[in-house]
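Enquirer: Residue numbers (our numbering), protein chains in the order written: chain A, 1 to 130; chain B, 1001 to 1135. Think of the CB as a built atom: it goes at the ideal place given N, C-alpha and C, for glycine as much as any other residue. Please read through the structure below; I'll follow up with questions.
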Amino acid sequence: MTSTFGMRTPLGRVRGLGAARTGTQHFWLQRLTAVANIPLVIAFVFIVISLLGRNHAFVQQTLGSPLVAIIMLLFILCVTTHMRIGMQVIIEDYVHGEGAKLLLLIANTFFAIAIALASAFALLMLCFKV
Amino acid sequence: MSDIKAVERPLSPHLSIYKPTLTMLMSIAHRITGFGLYFGTLLLAWWLLAAASGPNAYAGIGSFMSSFIGRIVLFGYTWALMHHMLGGIRHLIWDTGHGFGEHEREWLAIATIVGSISLTIVIWIVGYLFVGGAR
């Protein structure tokens, strides 16, 4: 490893393309969702407080109203994206066995999508009163 | 990468040799709260699915959340959410290239922990005041 490109794979060295402009994608998506999460988390806390101790009919009506449902859907989309790539970093930092790492990365994606879809589905049910 | 062999390399100093500092603790807390919030989304999905399923299912989660254990979990969840949010804001400040000075670092670490505890307490006071709607 005497060249200045010592950290590169042989294929990368041959191509000489660097990260081809996607190297910061993960970093950027984490920041983008972090910024969006700030107002969404604040709105979420307000929504939950307004529903504390209320009966089911009230909760159903509130969560199913367009504004609240849209905020909640954005919150779920943003949070599940943020937590998926956040957990990916944790897995990559601490799990070094290739097999275990791969399985956990797959499980991570499945979990995030399952939470997102279940929550979004429930909200749509509340919106359309089914 | 076929020419790489396993070589015994010296390890860089690891966590255990450093004296714990507040900034270090806040960094660890940021990761731990993120990890906890990840699994906390199960509660969110459960709550929404219960609300969508009907009054009986909703009463089920309601009785769990208002139990002692449920309240402890929710209180912890509130703090984790606030701590991770403030820690995230701290990271966003750092992303702009600011806040790395010796005093700024310490100040931001203190602001994160004091802010997260204060916000959690305020949210719970407001929550108790508004249970069942404004009086």
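Starting from the Cα of T1041/B, find the closest Cα among A114/A, L104/A, F121/A, C127/A and give me that residue.
Expert: A114/A
Enquirer: Does the CB of R13/A have a neighbour CB from chain B at under 8 Å?
Expert: no
Enquirer: So, does the stretch 1109–1124 of chain B touch the stretch 59–73 of chain A, judging by three or more C-beta pairs under 8 Å?
Expert: no
Enquirer: Work out the CA separation of A120/A and W1046/B for me, nearest whole Å.
Expert: 12 Å
Enquirer: Thinking C-beta only, is A1029/B closer than 8 Å to M125/A?
Expert: In this structure, A1029/B does not lie closer than 8 Å to M125/A by Cβ.
Enquirer: Between A118/A, I38/A, Q88/A, which has its C-alpha nearest A107/A's C-alpha?
Expert: Q88/A
Enquirer: So is A41/A buried or exposed if we call it buried at 16+ other beta carbons inside 10 Å?
Expert: Looking at the sequence shown, residue 41/A is not Ala but Val. Buried, by the Cβ-count rule.
Enquirer: Assuming G1054/B and R54/A are in contact, meaning their beta carbons sit under 8 Å apart, how far apart are those beta carbons, in whole angstroms?
Expert: So it is not a contact: roughly 15 Å between Cβ atoms.
Enquirer: How would you label W1107/B, buried or exposed, when you count the other beta carbons within 10 angstroms and need 16 or more for buried?
Expert: exposed
Enquirer: What does I1089/B touch in chain A if you count any residue whose Cβ is under 8 Å from its own?
Expert: I38
Enquirer: If the cut is a Cβ gap below 8 Å, which residues of chain B does G49/A touch?
Expert: The sequence as given places Ile at residue 49/A; Gly does not occur at that position. Going along chain B in sequence order, the residues near I49/A (Cβ under 8 Å) are I1123, V1126, G1127, F1130.
Enquirer: For chain B, check one thing: does any of its Cβ atoms lie closer than 8 Å to the Cβ of T2/A?
Expert: No answer about T2/A holds up, because its pLDDT of 47 lies below 50 and its placement is not dependable.
Enquirer: Which residues of chain B have a Cβ atom closer than 8 Å to the Cβ of M83/A, listed in chain order?
Expert: G1034, L1037, Y1038, T1041
Enquirer: So is W28/A buried or exposed if we call it buried at 16+ other beta carbons inside 10 Å?
Expert: exposed
Enquirer: What are the boundary residues of the alpha helix (DSSP H) that includes I113/A?
Expert: 98–127
Enquirer: For Y1058/B, decide whether its Cβ has a neighbour in chain A, counting only Cβ atoms nearer than 8 Å.
Expert: By this cut-off, Y1058/B is an interface position.
Enquirer: Let me check understanding here. Comparing Cα to Cα, which of I90/A, I49/A, R8/A, L77/A lies closest to A36/A?
Expert: L77/A
Enquirer: If you compare alpha carbons, which of S1027/B, H1014/B, S1016/B, T1021/B is closest to H1083/B?
Expert: S1027/B
Enquirer: For chain B, find out if any of its Cβ atoms is closer than 8 Å to the Cβ of V59/A; answer yes or no.
Expert: yes
Enquirer: For F75/A, which residues from the same chain have a beta carbon less than 6 Å from its beta carbon, with the 5 sequence-adjacent residues on both sides left out?
Expert: Taken in chain order, the residues that qualify are L40, F44.
Enquirer: So with CB distances below 8 Å, who are the chain B contacts of S65/A?
Expert: Those do not exist, as S65/A stays about 13 Å from chain B at its closest Cβ, beyond 8 Å.
Enquirer: Can you check whether the C-beta of P1010/B is within less than 8 Å of a C-beta belonging to chain A?
Expert: no
Enquirer: Please list the partners that R1105/B has in chain A, where partner means a Cβ-to-Cβ separation under 9 Å.
Expert: Result: empty, since nearest Cβ-Cβ is about 20 Å, beyond 9 Å.
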